[in-house]
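Quick note on the numbering used here: the sequence shown kicks off at -18 and runs consecutively.
A virtual CB, placed ideally from N, CA and C, is assigned to each residue, including glycine.
Since the model is a prediction, treat every value here as computed from it, not as a measurement.
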Amino acid sequence: MTYESILFSIDGGIARLTLNRPDRLNSFNDAMHAEVRDALERVKAEASTRVLLLTGAGRGFCAGQDLSDRSVAPGSAPVDLGASIERNYKPLILGLRALPLPVVCAVNGVAAGAGANLALACDLVLAAKSASFIQAFCKIGLVPDSGGTYFLPRLVGNARAMGLALLGDKLTAEQAVQWGLIWQCVDDASLPAVTDALLLHFAKAPTRGLAAVKHAIQAAAANTLTAQMDLERDLQRALGNGDDYREGVAAFVAKRPPHFTGR
Ligand code: T3D
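This is the structure we're talking about:
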């Protein structure tokens, strides 16, 4: 598949996916969804991939659904938004959450609607100081989708989740860090370098172990303590048989840097 709405590459274990419709603030239409789906399939199929970066081209990260694709003229047949979620947004979010490697999101500008929640579905979210997060749905009579009603209360608590979702106000990147919504906020000029350093770190990390961390933290949202500790036991048992655990311990004992293969 050739890509017109995204930029995509895999090199040195690092997959980079850039949403690339800057004149529409990288909002999603069906074509962009199809391209992102295809790229994520390639990430899954390419066993050497150790980390995925998601970012946006231009001054925005992503403004959610392309609203110019939604015919709302009087008398026009309503678009089935449920079908759109089922076909596009749900597989996108669940696909990112299930990828067995860290997904880094570099929020380079405004993240609104499904674009905000796309960022929150990633494993580590960095943002430029000028970036912002807007649960824009309430301004057009919709509910936060793409996992918004799941992620928000878990990340920032009910009071702040309600405020964000009911008012649709802009949350700055600095405030998003203070509230625990995202991991880190950096000067705009530093975002590319900080992101690259993180990607290089993950490209040499024990990927299988990190995938297990991701799985365990996600599972904790629904598990009892006992069930969670059972999961930790099972994951630890499996990881203890892996190459990276052996290498990590051997390197520690020998006082040398580890060379992880991701297995
Ligand atoms: O429909 C379904 O399938 C259901 C699923 C829905 C998921 C959703 O995401 S619903 C929510 C959709 N998104 C929004 O409601 C956000 C709409 N955008 C905005 O509120 C603002 O654009 C921003 C707050 C994000 C940024 O504001 P600002 O002032 O920095 O930029 P701007 O001037 O509004 O936008 C720049 C251009 O991008 C402008 O085009 P123009 O005038 O230069 O030709 C604007 O129309 C365009 N743009 C921005 N967001 C969208 C968009 N075009 C289409 N769809 C957009 N979502």
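Helix, strand or coil at residue i [DSSP, three-state]
{"i": "I163", "result": "coil"}
{"i": "G41", "result": "strand"}
{"i": "S8", "result": "coil"}
{"i": "L123", "result": "coil"}
{"i": "V53", "result": "coil"}
{"i": "T36", "result": "strand"}
{"i": "K25", "result": "helix"}
{"i": "R(-3)", "result": "strand"}
{"i": "A92", "result": "strand"}
{"i": "T153", "result": "strand"}
{"i": "A87", "result": "strand"}
Whole-Å CB distance - residue i paired with residue j, under 8 Å assumed
{"i": "T(-1)", "j": "T30", "result": "About 16 Å; that fails the 8 Å criterion."}
{"i": "G243", "j": "D215", "result": "Not confirmed; about 20 Å, so no contact."}
{"i": "K184", "j": "V32", "result": "This sequence places Ala at residue 184; Lys is not what is there. Contact holds; Cβ gap of about 6 Å."}
{"i": "V158", "j": "A109", "result": "The Cβ separation is near 12 Å, so there is no contact."}
{"i": "E38", "j": "N98", "result": "The question names Glu, but residue 38 is Ala in the sequence shown. So it is not a contact: roughly 20 Å between Cβ atoms."}
{"i": "R135", "j": "A54", "result": "The pair is not a contact, with the Cβ atoms about 38 Å apart (cut-off 8 Å)."}
{"i": "W160", "j": "R141", "result": "6 Å"}
{"i": "A154", "j": "V88", "result": "7 Å"}
{"i": "D126", "j": "Y70", "result": "6 Å"}
Unbroken alpha helix (DSSP H) run spanning residue i, endpoints
{"i": "V194", "result": "188 to 201"}
{"i": "I74", "result": "71 to 79"}
{"i": "M143", "result": "139 to 148"}
{"i": "H182", "result": "172 to 184"}
{"i": "F233", "result": "224 to 235"}
{"i": "A208", "result": "206 to 221"}
Host beta strand (DSSP E) of residue i (start-end)
{"i": "S65", "result": "Per DSSP, S65 belongs to no beta strand (DSSP E); it is in the alpha helix (DSSP H), 62 to 65."}
{"i": "F(-11)", "result": "-13 to -8"}
{"i": "F114", "result": "113 to 115"}
{"i": "A108", "result": "105 to 109"}
* Just the residues with CB closer than 5 Å to a heavy atom of the ligand T3D, in chain order, which are they? -> R5, L6, S8, A44, G45, Q46, D47, L48, S49, L62, S65, V91, A93, G94, A95, A117
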